[in-house]
Amino acid sequence: MSYPLFFVLAALSIISAAGVVLTRHPVRSAMCLVVTLFLLAVVFVFLDADFVAALQVVVYAGAILVVFLFVIMLLNLERDEPETHSQRRTFTGLTVTCLLALALLYLLRQSGTVLPGPGMNTAVPPGFGSIEAVGLRLFTHYLLQFEITGLLMLAGVIGAVVLAKRKVS
Amino acid sequence: MDIAWLPLLPMLIVTGTAFVVLIADLFVQGPDREGLGWIGLVGLGIAAVVSALLWTTEAHGFGDSIALDRYALFFNFVICLSGALTLLMSMDYLQTINLVVGEYYVQLLLAVVGMMLMAAATDLIVLFLGLELMSIGVYVLAGIWRPELRSSEAALKYFLLGAFASGFLLYGIAMAYGAFGTTTLGAIATQLASLTAEQRPLALAAMGLLLVGFAFKVAAVPFHAWAPDVYEGSPTSVTALMAVGVKAAAFAAFTRVFLHTLSAMAVDWTWILWVLAVLTMSVGNLAALAQRNIKRMLAYSSIAHAGYILVGMVGGGEDGGAAVLFTLLVYTLMTLGAFGVVIAVGRRGEPNEEIVDYAGLGFRYPFLGACMTVFMLSLAGIPSLAGFTGKFFLFSAAIEKGFVWLVIIAALNSTISIYYYAGVLMQMYMGEGTREVQSVSHRPYLLAALLITATGTVLLGLFPTWALNLARSAMSSL
Amino acid sequence: MVPTTYYIGLSTILFTIGTMGVLLRRNAIVMFLSIELMLNAANLAFVAFARQLASIDGQVIVFFVMTVAAAEAAVGLAIIIAVFRHRRTINTDELRLLRW
Chain A
0 MSYPLFFVLA ALSIISAAGV VLTRHPVRSA MCLVVTLFLL AVVFVFLDAD FVAALQVVVY
60 AGAILVVFLF VIMLLNLERD EPETHSQRRT FTGLTVTCLL ALALLYLLRQ SGTVLPGPGM
120 NTAVPPGFGS IEAVGLRLFT HYLLQFEITG LLMLAGVIGA VVLAKRKVS
Chain B
0 MDIAWLPLLP MLIVTGTAFV VLIADLFVQG PDREGLGWIG LVGLGIAAVV SALLWTTEAH
60 GFGDSIALDR YALFFNFVIC LSGALTLLMS MDYLQTINLV VGEYYVQLLL AVVGMMLMAA
120 ATDLIVLFLG LELMSIGVYV LAGIWRPELR SSEAALKYFL LGAFASGFLL YGIAMAYGAF
180 GTTTLGAIAT QLASLTAEQR PLALAAMGLL LVGFAFKVAA VPFHAWAPDV YEGSPTSVTA
240 LMAVGVKAAA FAAFTRVFLH TLSAMAVDWT WILWVLAVLT MSVGNLAALA QRNIKRMLAY
300 SSIAHAGYIL VGMVGGGEDG GAAVLFTLLV YTLMTLGAFG VVIAVGRRGE PNEEIVDYAG
360 LGFRYPFLGA CMTVFMLSLA GIPSLAGFTG KFFLFSAAIE KGFVWLVIIA ALNSTISIYY
420 YAGVLMQMYM GEGTREVQSV SHRPYLLAAL LITATGTVLL GLFPTWALNL ARSAMSSL
Chain C
0 MVPTTYYIGL STILFTIGTM GVLLRRNAIV MFLSIELMLN AANLAFVAFA RQLASIDGQV
60 IVFFVMTVAA AEAAVGLAII IAVFRHRRTI NTDELRLLRW
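Protein chains in written order, with numbering that gives the first Met the number 0: chain A, 0 to 168; chain B, 0 to 477; chain C, 0 to 99.
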C-alpha cells in the first residue's frame, strides 16, 4: 500500500471510530462502526488477507452489527441525553486513556521500523490469505481451538435464549 | 497434527455431561430439576476421579497447545470441586428462589469446561477461548434470575467490564504474536531466553496488556470495582462460583503465564504485582470493614484474598507457586462454605443478606453457627485452620525472596481483617434477634455442602502437608 | 511500502478510542460498540503481524476473534434486552440498584 492511501484510510477510520464514541444517537453510533469495519476490510485486502476481509464484511458488519441494529430498533432507543458526568470522572477517563495510548505508542516507537519477521517488503507465498490457506491451517494446527469455539457458540446460543425470551418459566 | 485425547479427557467428560443435562432437560417434567443436578454431580465426580488417575501421566497435545501436567490436574480437581459444591448448593438454592431453569446446570457445566481449559492451556488462544467460554457461561448465570432486577443489572455490569477486560487480554495476545511469531507458551518461553532488541518493546506491551486483562478477572485493585456489585446482585450460588471457580481458573492461567512462561521477564513485572498486591489487600480489607451486606463483605474479602495470593506470586518460583495453588484450594473451601451459610440463612422472599440479620443465629441454629465460625476464623487466618496455613505459605515464599515490607503490610492487613470476620460472629452469638430461617436438616444438599467444606477447612488446617506436597508437585511439572 | 509499525499505530489509536468509549459513555449499547471497536483494533494488529511475519496464523486467530465477538454479542444484547424489560432504560447512570 502506498503512503497516501494508507493515511487516507487511517484518517477516515479514526474519524469514524471517533464517531462511534462521540455521537449521541445509538443508530448513528452503530453505523459509524459499520463504516469503520468496511475501512478496516479495505486495509485487510492490502495486507494480503482476502478471506479475512470478506469475513469482516459478511460476518462482522453483515451479521453482528445487524443484530446490534435490530436490538437498537427493538428497544426503540432515541437520542441520548447529554451526559451529566462529574468532571472528575471525565478527567480520570481521559487521563487513563491518554496514558495508555502514550505508553503503547512509545513502545511502538522503540521498535522503530525493525520488527521480527521477514517484513512487509518481502513477497508472500502465492495463495497467502486465501480461503484454502486459512482453512488448511485452521483445520490442522488450530483444530482444538476450532472445537472449543463450537462449545462457545453453544453456550452463547443457550444463554441468549434463556436471557431474552419472553416467557419466564 | 497430534490429536491427544488424554489432556482433554476431563473436559470431554464434563462437556458430555453438559450435553446429557441439556437433553434431559427436555424430558424432565415438573418443577423439580434436581435430577439434572445429580447428572452434573456424577459427571464432575467422574472428571475429578479421572484427573486423579492421570496424575502420573504427562502429555502435550495439539501442537503443544494443551498440556496434561500435574498443574492442570491439580486445578481440574479444584475446579471440579468448586463446580460440584456450587451444584450442591444450587440444588437447594434454586428452589428457595423459585428459579427452575434447566439451562442453569448446562451453563454451569460449560463454564467449568472453560475453567479447566484455562488451567490446562499452553497456548494463548486456547487460554483466551477457555476464558471466553467460562465468562459467557457466568455472564448468563449472573443474569439468569430474570424476575430479580439486581440479577439483570449484575449481569450487564459483569458483561460490559468482562468484555472490556477480554479486549485488553486479546490485544496483549496480539502484541505477543507480533513479538514472538507464535502464541504457544512453550515457544514464547524459549524465545524469551534470548530476547532480541527488536522483540523487547512488543514483549513489554504484551506483558502489560496481559497483566491488565488478568488483573480484571481476579478483581485486583484498581480493576476490582465491578466485583462487589456483581457479587451482590447475582444469585448467591452463582456468586459462589464467581468468587471461587472463576478466580481459581484466572489465577491458574495468570500463574502459568507469568510465573512460568514470562519468568525471564520477572524483573519487569514483579514490581507491578507488588503494587497490585498491596493495593488489593489494603483496599479489600479496608472496604470490607464498612460493609453491612454480607455478600458485599464476602466480595471484598474475596478481593483481599486475591491480594494475598498476589503476594505469593511476587514471591514467585516453585515455593510461591505452590503456595498459590495450596491457598486456592483452601480458599475454595472456605469461601464456598461461607456462601453456603449465606444461602442457608436466606429464605423465599427474605434473602436476609444484611449482617444484622444474623443476630442471634449462633445459638438458635448451632450447626450453622459452628460452620460459619469455622469459615470466618479460617478466612481471618486464625492458626490451626486452613486459612492461616495458606497465608503462612504465601508470606514465607515472599519473605524468602526478600520482600519483607510486603509481608509486613500483608500481615497487618490480615490482622485488620479479623475485625470484620469477627463482626459476623459477634452478631451471631451476641446479637439479639428473632429471625427464623429454614433448618438445614431439611435441606440435604446444602447440609452436605456445608459439611464437606467445613471438614475440609478444618482438616487442611491440621494436616496441610499432603496438600502442599501435591501443590509443589504440580508446580514442578510446569 | 508502509512499514508494519504504522499499521500497529493505527490499531493502537483505534484501541484507545474504544477504551475511551467504554470509560466515558453511559449508554450500554454504545459501550458495547466501543468494545467491538477494541476487538477490531486487535484484529488489525493480528492481520498486520501476520503479513509482517509471513505467517497465516494471525489470520486464523482473527477468525476466532470474530466468532467470540459473535457469541459475546448474542449474550450481551440478550442481557441488555433483559435489563431494558425491567427498567425501560439502558443508561448505566440510571441503573442505580447497583452502584456503578
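Cβ coordinates follow ideal geometry from the N, Cα and C atoms, glycine included.
Supposed contact pair Ala470/B and Phe325/B - C-beta distance, whole angstroms, cut 8 Å: 4 Å
What's the C-alpha gap between Asp56/C and Ala252/B? 22 Å
Segments of 4+ residues assigned as alpha helix (DSSP H) that fall wholly inside the region 60-145 of chain A: 64-73, 86-110, 130-139
For Phe85/C, report the span of its alpha helix (DSSP H) as first-last. Per the sequence presented here, residue 85/C reads as His, with Phe not at that position. Its alpha helix (DSSP H) spans residues 56-86.
Check whether the Cβ atoms of Leu5/B and Gly60/B lie closer than 9 Å to each other. yes
Would you tell me roughly how many angstroms separate the C-alpha atoms of Phe179/B and Ile187/B, rounded to the nearest one? Just so you know, the alpha carbons of Phe179/B and Ile187/B end up roughly 6 Å apart.
Straight-line gap, Ala202/B to Leu106/A (C-alpha atoms, nearest Å): 9 Å
Looking at the C-beta of Arg86/C, does it have a partner C-beta in chain B at a distance below 9 Å? yes
Could you tell me the distance, in whole angstroms, from the CA atom of Phe69/A to the CA atom of Arg78/A? When the Cα atoms are used, Phe69/A and Arg78/A turn out to be separated by approximately 16 Å.
Is the CB-CB distance between Ala52/A and Val44/A below 9 Å? yes
Interface positions of the region 114-127 of chain A facing chain C (Cβ-Cβ less than 8 Å), listed along the chain: Leu114, Pro115, Gly116, Pro117, Gly118, Met119, Asn120, Thr121, Val123, Pro124, Phe127
Just to confirm my understanding: we take Phe48/C, look at its own chain, exclude 5 residues before and 5 after, and list those with CB closer than 6 Å. What are they? Gly57
For Val125/B, which residues of its own chain have a beta-carbon under 7 Å away from its beta-carbon, when the five flanking residues on both sides are left out? Ser64, Ile65, Leu116
Shortest alpha-carbon distance to Thr189/B belongs to which of Met264/B, Ala249/B, Glu131/B? Measuring C-alpha to C-alpha distances from Thr189/B to each of Met264/B, Ala249/B, Glu131/B identifies Met264/B as the nearest.
With a threshold of 8 Å, are at least 3 pairs of Cβ atoms found where one atom belongs to the region 143-151 of chain B and the other to the region 232-251 of chain B? yes
Between which two residues does the alpha helix (DSSP H) carrying Ala120/B extend? Looking at the DSSP string, Ala120/B is not in any alpha helix (DSSP H), and its letter there is neither H nor E.
Ala154/A: buried (16+ other C-beta within 10 angstroms of its C-beta) or exposed? buried
Can Leu108/B and Val13/B be called in contact, C-beta distance under 9 Å? yes
Scan the region 35-46 of chain A for residues whose Cβ lies nearer than 8 Å to a Cβ of chain C and list them as they occur along the chain. Thr35, Leu36, Leu39, Val42, Phe43, Leu46
For Arg346/B, write down the residues that DSSP places opposite it in a beta bridge. Glu349/B
Under the rule that 16 or more other beta-carbon atoms within 10 Å means buried, what is Glu349/B, buried or exposed? exposed
Does any C-beta atom of chain B lie closer than 9 Å to the C-beta of Ser110/A? yes
Buried or exposed, going by whether 16 or more other CB atoms sit within 10 Å of the CB of Ala175/B? buried
Between the alpha carbons of Val217/B and Thr254/B, how many angstroms are there, rounded? 12 Å
The ligand MG heavy atom lying under 8 Å from the CB of Tyr230/B: Among the ligands in the structure shown, none appear at all, so the ligand MG cannot be discussed.
Pick from Tyr70/B, Leu360/B, Val139/B that is closest to Tyr103/B, judged by C-alpha positions: Val139/B
Note down, in chain order, each residue of its chain lying with its Cβ closer than 6 Å to the Cβ of Ala478/B, except the 5 sequence neighbours on either side. Any question about residue 478/B goes unanswered here, given that chain B covers just 0 to 477.
Tell me whether His304/B is buried or exposed, calling it buried when 16 or more other Cβ atoms sit within 10 Å of its Cβ. Classification for His304/B: buried.
Of all Cβ atoms in chain C, is any one closer than 9 Å to the Cβ of Met0/A? yes
Ser64/B versus chain A: which residues are under 9 Å apart at the beta carbon? His140, Tyr141, Leu143, Gln144
Give the range of the beta strand (DSSP E) segment to which Val52/A is assigned. A quick correction: the sequence has Ala, not Val, at residue 52/A. Not the beta strand (DSSP E): Ala52/A falls in the alpha helix (DSSP H), residues 49-54.
Please state whether DSSP places Ile34/C in a helix, a strand or coil. helix
If you run the structure through DSSP and keep just helix, strand and coil, what is Asn292/B? strand
Identity of the residues DSSP links to Asn90/C by a beta bridge: Asn26/C, per the DSSP bridge assignment.
For Tyr170/B, I'd like the list of residues in its chain whose CB is within less than 6 Å of its CB, leaving aside the five on either flank, ordered along the chain. Non-local C-beta neighbours of Tyr170/B in its own chain, meaning closer than 6 Å and more than five positions away in sequence, comprise Leu208, ordered along the chain.
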